[in-house]
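Visitor: The opening position of the sequence shown corresponds to residue 5 in this note's numbering, with each subsequent residue numbered one higher.
Just so you know, even glycine gets a beta-carbon here, dropped at the ideal spot from N, CA and C.
Mind looking over this structure? Questions follow.
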Amino acid sequence: MISPDRPNIIFIVVDDCGYADLGCTGQTGYRTPALDRLAGEGVRFTQAYANAPLCTNTRVALITGRYQYRLKLGLVEPLRPANRDEPEMGIPPGFPTLPSLLRAAGYRTALIGKW
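Next comes the structure, spelled out in C-alpha coordinates:
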(Lines of atoms letter the chains of each structure in order from A; the text may use other names.)
(Lines give C-alpha, C1' and ligand atoms only; values in the text may rest on other atoms or scores of the structure.)
Protein backbone atom coordinates (compact mmCIF):
# COMPACT_ATOMS: atom_id res chain seq x y z
CA MET A 5 0.00 0.00 0.00
CA ILE A 6 1.41 3.36 -0.99
CA SER A 7 -0.87 6.10 0.19
CA PRO A 8 -0.39 9.66 1.39
CA ASP A 9 -3.17 9.03 3.94
CA ARG A 10 -1.63 5.98 5.63
CA PRO A 11 1.99 5.33 6.51
CA ASN A 12 4.05 2.59 4.94
CA ILE A 13 5.51 0.32 7.61
CA ILE A 14 8.91 -1.35 7.38
CA PHE A 15 9.70 -3.13 10.63
CA ILE A 16 13.30 -4.35 10.74
CA VAL A 17 14.60 -6.68 13.44
CA VAL A 18 18.33 -7.37 13.30
CA ASP A 19 20.00 -10.29 15.07
CA ASP A 20 23.12 -9.46 17.12
CA CYS A 21 23.11 -5.75 16.33
CA GLY A 22 24.14 -3.64 19.30
CA TYR A 23 22.60 -0.28 20.08
CA ALA A 24 25.53 1.72 18.71
CA ASP A 25 26.30 -0.49 15.68
CA LEU A 26 24.68 1.79 13.07
CA GLY A 27 25.69 5.21 11.81
CA CYS A 28 22.41 6.70 13.07
CA THR A 29 23.36 5.66 16.62
CA GLY A 30 26.93 6.91 16.49
CA GLN A 31 28.97 4.19 14.76
CA THR A 32 31.87 5.68 12.81
CA GLY A 33 33.91 2.54 12.05
CA TYR A 34 31.71 1.47 9.15
CA ARG A 35 28.92 3.01 7.11
CA THR A 36 25.22 2.09 7.12
CA PRO A 37 23.74 4.78 4.83
CA ALA A 38 20.53 2.99 3.82
CA LEU A 39 19.56 2.15 7.40
CA ASP A 40 20.62 5.62 8.54
CA ARG A 41 18.29 7.18 5.97
CA LEU A 42 15.37 4.95 6.99
CA ALA A 43 16.01 5.85 10.64
CA GLY A 44 16.21 9.55 9.81
CA GLU A 45 12.94 9.61 7.85
CA GLY A 46 10.95 7.23 10.01
CA VAL A 47 10.22 6.27 13.57
CA ARG A 48 12.95 4.61 15.63
CA PHE A 49 12.09 2.14 18.38
CA THR A 50 15.03 2.65 20.73
CA GLN A 51 13.89 1.16 24.04
CA ALA A 52 12.94 -2.48 24.41
CA TYR A 53 13.13 -5.37 26.82
CA ALA A 54 13.95 -8.96 25.92
CA ASN A 55 12.46 -11.33 28.48
CA ALA A 56 14.70 -14.26 27.55
CA PRO A 57 18.18 -14.74 26.07
CA LEU A 58 16.83 -16.45 22.92
CA CYS A 59 16.00 -14.64 19.69
CA THR A 60 12.80 -16.64 19.08
CA ASN A 61 11.24 -15.19 22.21
CA THR A 62 11.92 -11.63 21.11
CA ARG A 63 10.40 -12.24 17.67
CA VAL A 64 7.32 -13.87 19.22
CA ALA A 65 6.84 -10.91 21.55
CA LEU A 66 7.17 -8.42 18.68
CA ILE A 67 4.83 -10.32 16.36
CA THR A 68 2.14 -11.29 18.91
CA GLY A 69 2.48 -8.83 21.77
CA ARG A 70 2.58 -11.80 24.17
CA TYR A 71 5.26 -13.38 26.34
CA GLN A 72 6.58 -16.57 24.74
CA TYR A 73 5.65 -18.75 27.72
CA ARG A 74 1.97 -17.94 27.20
CA LEU A 75 2.23 -19.50 23.72
CA LYS A 76 4.62 -22.36 24.64
CA LEU A 77 7.49 -20.96 22.61
CA GLY A 78 11.19 -20.87 23.23
CA LEU A 79 13.30 -23.41 25.03
CA VAL A 80 11.11 -25.72 27.10
CA GLU A 81 12.76 -28.13 29.54
CA PRO A 82 12.78 -31.01 29.66
CA LEU A 83 12.86 -31.42 25.90
CA ARG A 84 10.08 -33.79 24.92
CA PRO A 85 10.22 -36.51 22.26
CA ALA A 86 8.56 -35.83 18.92
CA ASN A 87 5.75 -38.31 19.69
CA ARG A 88 4.55 -36.43 22.76
CA ASP A 89 0.83 -36.23 23.40
CA GLU A 90 0.83 -32.52 24.19
CA PRO A 91 -0.42 -29.97 21.66
CA GLU A 92 2.20 -28.58 19.32
CA MET A 93 4.25 -25.63 20.45
CA GLY A 94 4.09 -22.42 18.50
CA ILE A 95 1.71 -19.66 17.59
CA PRO A 96 -1.75 -21.24 17.36
CA PRO A 97 -3.41 -21.06 13.93
CA GLY A 98 -5.59 -17.98 13.74
CA PHE A 99 -3.88 -16.25 16.69
CA PRO A 100 -3.73 -12.50 15.98
CA THR A 101 -0.29 -11.25 15.00
CA LEU A 102 1.00 -7.87 13.90
CA PRO A 103 1.08 -9.00 10.24
CA SER A 104 -2.46 -10.44 10.38
CA LEU A 105 -3.82 -7.28 12.01
CA LEU A 106 -2.09 -5.13 9.40
CA ARG A 107 -3.53 -7.32 6.60
CA ALA A 108 -7.00 -6.89 8.10
CA ALA A 109 -6.41 -3.12 7.96
CA GLY A 110 -5.64 -3.31 4.22
CA TYR A 111 -1.85 -3.54 4.25
CA ARG A 112 0.21 -6.03 2.23
CA THR A 113 2.59 -7.85 4.57
CA ALA A 114 5.62 -10.11 4.34
CA LEU A 115 7.94 -11.73 6.86
CA ILE A 116 11.35 -12.07 5.27
CA GLY A 117 14.41 -13.74 6.74
CA LYS A 118 14.92 -15.55 9.99
CA TRP A 119 11.83 -16.93 11.67
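Count the CB pairs spanning the region 31–47 and the region 62–72 that are closer than 8 angstroms, and state whether there are at least three.
Guide: no
Visitor: Should K118 and D19 be called a contact, given that it needs their Cβ atoms to be closer than 8 angstroms?
Guide: As a first step, residue 118 is located in the sequence shown; it is residue number 114 there, counting from the start. As a first step, residue 19 is located in the sequence shown; it is residue number 15 there, counting from the start. Cβ atoms of K118 and D19: closer than 8 angstroms.
Visitor: Run through DSSP, which three-state label would L42 get?
Guide: By 1-based counting over the sequence shown, the position of residue 42 is 38. It is helical.
Visitor: For T62, does the count of other Cβ atoms within 10 angstroms reach 16, so buried, or fall short, so exposed?
Guide: As a position in the sequence shown, residue 62 is number 58, starting the count at 1. So T62 counts as buried.
Visitor: Hey, quick one: how far does the alpha helix (DSSP H) through L105 stretch, first residue to last?
Guide: The residue you call residue 105 lines up with position 101 of the sequence shown. Unbroken alpha helix (DSSP H) run through L105: L102 to A108.
Visitor: Please check the pair I95 and L115, which I expect to be a contact at CB under 8 angstroms, by giving their CB distance rounded to whole angstroms.
Guide: As a working mapping, residue 95 is identified with position 91 in the sequence shown. As a working mapping, residue 115 is identified with position 111 in the sequence shown. Rounded, the Cβ-Cβ distance is 12 angstroms, inconsistent with contact.
Visitor: Could you tell me the distance, in whole angstroms, from the CA atom of Q72 to the CA atom of C59?
Guide: Taking the first residue of the sequence shown as position 1, residue 72 is located at position 68. Taking the first residue of the sequence shown as position 1, residue 59 is located at position 55. Cα to Cα, the separation comes out at about 11 angstroms.
Visitor: Which same chain residues, not among the five before or five after P11, have their C-beta less than 8 angstroms away from its C-beta?
Guide: Here residue 11 corresponds to residue number 7 of the sequence shown, with the count starting at 1. Nothing meets the Cβ criterion.
Visitor: Got a sec, what are the start and stop residues for the alpha helix (DSSP H) T62 sits in?
Guide: Position 58 of the sequence shown holds residue 62. Its alpha helix (DSSP H) spans residues C59 to T68.
Visitor: Quick one: Cα of A24 to Cα of S104, how far?
Guide: As a position in the sequence shown, residue 24 is number 20, starting the count at 1. As a position in the sequence shown, residue 104 is number 100, starting the count at 1. When rounded, the distance between both Cα atoms is 32 angstroms.
Visitor: Once DSSP output is grouped into helix, strand and coil, what is the label at Y73?
Guide: As a first step, residue 73 is located in the sequence shown; it is residue number 69 there, counting from the start. Looking at Y73 - three-state DSSP - the assignment turns out to be helix.
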